[in-house]
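These notes concern the structure reproduced below.
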Amino acid sequence: MFEINIIILLLIIVLTSTSSSSATASAISFHHYNATITRTPFFIKKDTPPFSITIAKGKWHYDKWGQPWDPAPDGVHVSTPKPSDELHHLIGYLTGTSLALLDPTNTISIFDNNTDVNDEFNDFIVENNITHGFLPREAFCTENLMTLVKFLPHRKLPMDTLKYFNSLYHSYRIQRKEGDGNNLILTITMVIDESTSPHFIDSANKDFSYTHKIIDEKKNINELPKQQYLNLERSIIGWGQVDGQFIVKFTNRHESKSIVIHKYHDISPFFLLIDFESIIIDPYRWISWKHIEFLPAINHGTPNRFTLKNIKIPPMETVTYRLYFKKVFLHVDDFPPDADHGLEVFSSWAETSFENENDLDIVYGDGLIVVMPKPDFSMPFNVITLTSTVLAFLYGSIFNALVRKKGKMKSDDDDTSKTNNNKDDDVKKTEN
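This is how it looks when you write it as structure tokens:
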């Protein structure tokens with residue numbers, strides 16, 4: 000009996016190992032749809048500035064999946080050279096996103112090439128300024144897609160929306176380029192596990208172009224869109240609810256070529272007080288301050304911005320840097336409704352290329368969650384409950400004292416009736 004149990008146990012282990020190995024070696028398919036909208040909505044005028052908005056859900060694994068068609072962080076990312084509330088409302092209506100929440104606390108302006116141009120009204124104008132806005136948490140559903148699809152000639156999506164929203168990764172980008180007339184470019188990307196078949200609705204072929212790629216380890220198929228050799232790992236550690244540090248690792252996985260990080264931007268909210276002078280870069284301690292730029296945050300204003308420039312990483316080597324920060328004790332109004340979930344830190348991104356090559360790629364790091372020191376959120380409710388109880392007791396007592404009428408006791412009525420009867424008897428006796 001004991002030997003039979005051992006054999007059954009070994010069979011179970013073999014079956015589970017084979018199933019897990021088959022799961023890890025499952026096929027992954029990439030689906031990319033591209034459309035140009037020429038009949039733009041009436042509210043997009045000719046003087047509307049260029050913009051790009053990307054809504055993405057899930058994590059794109061650069062080390063396994065290569066370079067995506069539309070690089071984007073998790074959440075909403077808006078970039079435009081001329082931001083305004085009117086433009087944000089326009090894009091928000093176009094995509095069905097809550098861009099009304101896009102305020103200075105989660106936007107940053109990056110000046111790539113500062114050029115001063117004299118103007119008769121202004122002293123100078125700064126060119127090549129791109130403003131990036133982030134919403135790390137955004138609900139994404141079918142309504143976000145249907146607003147713009149109504150302006151397509153055939154008004155149909157090119158894929159199954161159920162598979163789209165259940166995919167490992169999906170993104171949705173709308174952009175208006177400079178000098179492209181009044182056209183809008185719509186691109187949709189999704190990554191599906193254990194599926195090698197194409198997912199394209201034939202009735203939408205007049206509106207969308209379709210690209211299908213496969214990664215299948217069993218069949219030794221690797222149709223990556225483009226191999227990405229820079230691995231960007233971003234994490235956060237801390238000591239209690241007082242302070243912590245960012246840890247970012249850049250790894251060059253190419254065996255013979257060096258990678259140059261032209262610019263790396265790390266954005267963090269105002270409630271993290273970053274000590275920029277305590278930066279530790281390993282192993283490149285020779286890096287001077289000309290490779291580093293930082294802009295501290297404004298309280299309830301623009302976030303922190305940390306930039307690394309022209310960092311060269313030799314083949315098969317890793318560069319790590321650390322940034323220390325302290326946590327600010329926030330007001331109760333600064334916390335979201337689910338304060339225990341933590342507060343979001345925006346994604347970082349790097350503009351990279353191989354050495355002596357001009358083909359730039361954008362690699363995004365992970366968004367992070369920070370647990371902030373929180374006040375006792377139940378204390379206001381306890382105080383309100385106790386105060387309300389005391390006030391209710393006080394007002395109730397006052398109203399009872401003022402409104403209640405003073406009535407005679409029944410015993411007093413009996414005593415008075417008895418005394419009256421006794422008086423009548425005495426009067427009768429005297430008369431007799």
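Under numbering that gives the first Met the number 0, read the sequence shown as residues 0 to 431, first letter to last. For every residue, glycine included, the Cβ atom is placed at its ideal position computed from N, Cα and C.
Residues that residue i bridges to, as DSSP identifies them
{"i": "S174", "result": "The question names Ser, but residue 174 is Gln in the sequence shown. Its beta-bridge partners are S51, I184."}
{"i": "E292", "result": "T306"}
{"i": "M371", "result": "DSSP output for M371 lists no bridge partner at all."}
{"i": "Q240", "result": "Beta-bridge pairing links Q240 to no other residue."}
{"i": "L134", "result": "V75"}
{"i": "E343", "result": "I368"}
Backbone CA spacing between residue i and residue j [nearest angstrom]
{"i": "S20", "j": "I27", "result": "With a pLDDT of 41 at S20, under the threshold of 50, the modelled position of this residue cannot be trusted, and the question is left open."}
{"i": "V148", "j": "H60", "result": "29 angstroms"}
{"i": "V369", "j": "N204", "result": "45 angstroms"}
{"i": "S377", "j": "I383", "result": "10 angstroms"}
{"i": "E126", "j": "S78", "result": "Residue placement at E126 is poorly supported in this model, since its pLDDT is 46, which falls under 50; the coordinates are not used for a value here."}
{"i": "L329", "j": "S108", "result": "25 angstroms"}
{"i": "G433", "j": "L93", "result": "Residue 433 lies beyond the residue range present for the chain, which begins at 0 and ends at 431; the question has no answer from this structure."}
{"i": "L359", "j": "H30", "result": "23 angstroms"}
{"i": "I397", "j": "K373", "result": "40 angstroms"}
{"i": "W169", "j": "K311", "result": "The amino acid at residue 169 is misidentified as Trp; the sequence shows His. Distance between the alpha carbons of H169 and K311: 32 angstroms."}
{"i": "H153", "j": "D242", "result": "55 angstroms"}
{"i": "H299", "j": "N105", "result": "10 angstroms"}
{"i": "K58", "j": "T388", "result": "51 angstroms"}
{"i": "N303", "j": "K63", "result": "31 angstroms"}
{"i": "S267", "j": "F275", "result": "12 angstroms"}
{"i": "E232", "j": "L161", "result": "31 angstroms"}
{"i": "I260", "j": "F249", "result": "9 angstroms"}
{"i": "H88", "j": "G95", "result": "10 angstroms"}
{"i": "S347", "j": "I235", "result": "13 angstroms"}
{"i": "G364", "j": "P72", "result": "7 angstroms"}
{"i": "V362", "j": "L294", "result": "22 angstroms"}
{"i": "G180", "j": "I36", "result": "11 angstroms"}
{"i": "P335", "j": "S277", "result": "31 angstroms"}
{"i": "L101", "j": "F345", "result": "13 angstroms"}
Proximal residues to residue i (C-beta, below 7 angstroms), its chain only, five neighbours per side dropped
{"i": "Y228", "result": "N251, R252, H253, I258"}
{"i": "I90", "result": "F50, I52, V77, L98"}
{"i": "H290", "result": "L307, K308, N309, I310"}
Contacts around residue i, its chain only, beta-carbon distance under 6 angstroms, and the 5 residues preceding and following it disregarded
{"i": "P82", "result": "T130"}
{"i": "I220", "result": "I213"}
{"i": "S194", "result": "S28"}
{"i": "F120", "result": "Low per-residue confidence applies at F120: pLDDT is 36, beneath 50, and the placement is therefore not dependable, though the value from the model is reported in the following sentence. Result list for F120: empty, nothing under 6 angstroms."}
{"i": "M189", "result": "H30, Y163, S166, H169"}
{"i": "I434", "result": "For the chain, the structure presents residues 0 to 431; residue 434 sits outside this window and is missing."}
{"i": "K325", "result": "D242, L272"}
{"i": "A34", "result": "L185, D206, F207"}
{"i": "E222", "result": "K212, I213"}
{"i": "N117", "result": "Model confidence at N117 stands at a pLDDT of 41, short of 50, so the residue's coordinates are unreliable; what they give is reported in the following sentence. Excluding sequence neighbours, N117 sits near nothing in its chain."}
{"i": "N182", "result": "T35, T37"}
Sequence-distant residues of its chain with Cβ nearer than 8 angstroms to residue i (five each side left out)
{"i": "H340", "result": "I368"}
{"i": "P80", "result": "P48, P49, N127, N128, I129, T130"}
{"i": "M158", "result": "H30, Y32, I187, M189, H198, F199, I200"}
{"i": "L393", "result": "none"}
{"i": "E354", "result": "K256, S257, I258, V259, K311"}
Whole-angstrom C-beta distance between residue j and residue i, which should lie under 8 angstroms
{"i": "V171", "j": "I54", "result": "This sequence places Tyr at residue 171; Val is not what is there. Right, their Cβ atoms sit about 5 angstroms apart."}
{"i": "G74", "j": "R136", "result": "6 angstroms"}
> What are the uninterrupted segments assigned as alpha helix (DSSP H) that are 4 or more residues long and contained completely in the stretch 52–109, given in chain order?
Replying inline: 61–64, 84–94
> Which runs of the beta strand (DSSP E), 3 residues or longer, sit entirely within the stretch 252–287?
Replying inline: 258–267, 271–281
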